[in-house]
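Below you'll find the structure, written out as structure tokens, and then a few comments.
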Amino acid sequence: MAQIASTCEAGTIITLNAWVDPSNCEKYLKLFEPIAAELRKHPENLFTAICVNPTDPGHIRIVHGWSKDSAWFFETFVNGNESFQSFNAETAPMWIKPRVIEHFDRYVEG
């Protein structure tokens, strides 16, 4: 699958949709807490939201916004980042279907 990335000068909004057995939902969320803390401490982070679908409790959506583009995000967080690699390794066995990660161009009105 080709990686879709945002090159927008205004930044990027990244969504991650993961589906886990509802019995693993709390564990998944706990494992993400240090990642969320790491994301939020960067000045380029506009927001980080962690959501659980109330009608599909195993569907977790993580949305985070950045004032930089996707290439910056990958260089800063994904490529060689042990926290992300560890999180993916620990949570991959929980997935009941493939994750969906999307990058959107950030639109700034005005």
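Residues -15 to 94 (the numbering used here) are what the sequence shown spells out, left to right.
Even glycine gets a Cβ: it sits at the ideal position worked out from N, Cα and C.
Counting only residues of its own chain and dropping the five nearest sequence neighbours on each side, residue -6 has a CB closer than 8 Å to the CB of 51, 89, 90, 91 and 92.
Inter-residue distance for residue 2 and residue 28 is about 24 Å (C-alpha atoms, whole angstroms).
Look at residue 52 here: in three-state DSSP terms it is coil, with no helix or strand label. Cβ contact annotation for residue 45 (same chain, cutoff 6 Å, sequence separation greater than five): 1 and 35, in chain order. According to the DSSP assignment, residue 83 belongs to the beta strand (DSSP E) that extends over 79 to 89. A distance below 6 Å between beta-carbons, with the five flanking residues on each side excluded, links residue -2 to the following residues of its chain, in chain order: 48 and 87. Apart from sequence neighbours up to five positions away, the residues of its chain that approach residue 74 with a beta-carbon distance below 8 Å are 15, ordered along the chain.
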